[in-house]
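Scroll down for the structure; my scribbles are underneath it.
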Amino acid sequence: MDWNSLKDQQRFKDKKELDLHVRSFLYKRKAALSEGTIKVLTFIWRHAVKFPGVAFPKRTTIVKGTGLSESTVVRSLRCLVTEKLIEKVVTKKPNGRQGGNLLVFLPQPDLFLPSEDTPHDTLPDTPQKTENPQEDNPQAAKSTPETEKKQRKSSFSKVVPFDASFLPSFIPASFIDTSLPFVGVEQVLPAWRTVQSAYKQWKLQEPVEHYMDKINETLRQAVFAYKKGMVRTELLRYFYGGMMEVFKQVVRKEAFEAGRGLIFYDWLEEMDS
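Here the sequence shown is numbered in the working numbering, starting from 2 and rising by one per residue.
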């Protein structure tokens, strides 16, 4: 393997930058990935350290390292390529024949991580540390991550109103428009996480965004039932139950249509070893 060629394929300057992009991808898309795909991603991620973002394990190595079947590994790699997290780069040997394949991680647009995954800046009014902080500030010993989170939230609320423009770009606009009047801006992301969580439980043929009409309609029905006092549990928990039922019906419909030959699977070229 030509080390200079490997270095030329790097899209990240160091491992820290690679980790940021992969973690951002996982935060947005993990709910839509199968367990096998996550295992494969984790494996090749760990093998993309020497040249940050470039991995070159053989398919048999991935199979052995993850304990998955070869077909599952192929399917998972294809999924990661489709999701535009990685790309397959075919190399050539000095004699012109095809060499091994590189799995190259791609930079992700619209990086987003929750607050607990990002560095915390010190608030302007945070007392300076002393040699014995508990004596100078008895409340310091009682400080918790939850307290700090509330302080940050309070600090930001004094600067600018928190509106829909602050929401992550991976939430579909139609879902934001549907949910915002009923659940408030701070609950839009948890509501979308509810959708992703239900979606992950079923092996649907299309990405979650394909089912937005059904998702938005289910949310409206859940809000109606909640507002009318027909629901004894929390709104998002009730919404989750509704999404599970909707996705179950969709799976049955897709399976029925596939059995009648109405849906044809587009087989992609398998990942070479």
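Don't be surprised by glycine CBs; every beta carbon is placed ideally from N, CA and C.
Query: Coil, strand or helix - Thr234 by DSSP; Result: coil
Query: Rounded Cβ spacing between Phe13 and Leu19 (contact assumed at less than 8 Å); Result: 4 Å
Query: Opening and closing residue of the beta strand (DSSP E) in which Lys89 lies; Result: Ile87 to Lys93
Query: Cβ-based neighbour list, Lys16, same chain, cut-off 7 Å, excluding 5 preceding and 5 following; Result: Val50 and Pro53
Query: Alpha-carbon to alpha-carbon, Tyr212 and Lys85; Result: 21 Å
Query: Distance CB(Ile63)-CB(Val41) smaller than 8 Å; Result: yes
Query: Sequence-distant residues of the same chain with beta carbon closer than 8 Å to Val251, five excluded per side; Result: Trp203, Leu205, Tyr212 and Lys215
Query: Collapsed DSSP secondary structure at Val50 in the structure displayed; Result: coil
Query: Whole-Å CB distance - Arg79 paired with Glu71, under 8 Å assumed; Result: Their Cβ separation, rounded to whole angstroms, is 13 Å, which puts Arg79 and Glu71 out of contact at 8 Å.
Query: Lys29 versus Phe44, Phe171 and Ser166, residue with shortest Cα-Cα distance; Result: Phe171
Query: DSSP beta-bridge partners of Val55; Result: Val105
Query: DSSP-derived helix/strand/coil call for Gly68; Result: coil
Query: Cα-Cα separation, Gln197 to Leu104; Result: 27 Å
Query: Enclosing alpha helix (DSSP H) for Tyr212 [first to last residue]; Result: From DSSP, Tyr212 is part of no alpha helix (DSSP H); its letter is neither H nor E.
Query: Alpha-carbon to alpha-carbon, His48 and Gln222; Result: 46 Å
Query: Between the CA atoms of Leu237 and Gly230 - distance to the nearest angstrom; Result: 14 Å
Query: Cα-Cα separation, Gly88 to His22; Result: The identity of residue 88 in the sequence shown is Glu, whereas the question assumes Gly. Those two C-alpha atoms are separated by around 15 Å.
Query: Backbone secondary structure at Phe257 - three-state DSSP; Result: helix
Query: Same chain, Cβ closer than 8 Å to Met244, neighbours up to 5 away in sequence not counted; Result: Thr195, Val196, Ala199, Tyr200, Ile216 and Thr219
Query: Rounded separation between Leu7 and Lys94 - CA only; Result: 13 Å
Query: Euclidean distance between Cα positions of Val232 and Val184; Result: 15 Å
Query: Three-state secondary structure assigned by DSSP to Glu84; Result: coil
Query: Test item: CB-CB of Ala33 and Val209 under 8 Å; Result: yes
Query: Secondary structure of Leu7, DSSP reduced to three states; Result: helix
Query: Limits of the unbroken alpha helix (DSSP H) element including Trp193; Result: Val189 to Lys201
Query: For Arg98 and Lys254, the rounded distance between their alpha carbons; Result: 47 Å
Query: Three-state secondary structure assigned by DSSP to Lys40; Result: helix
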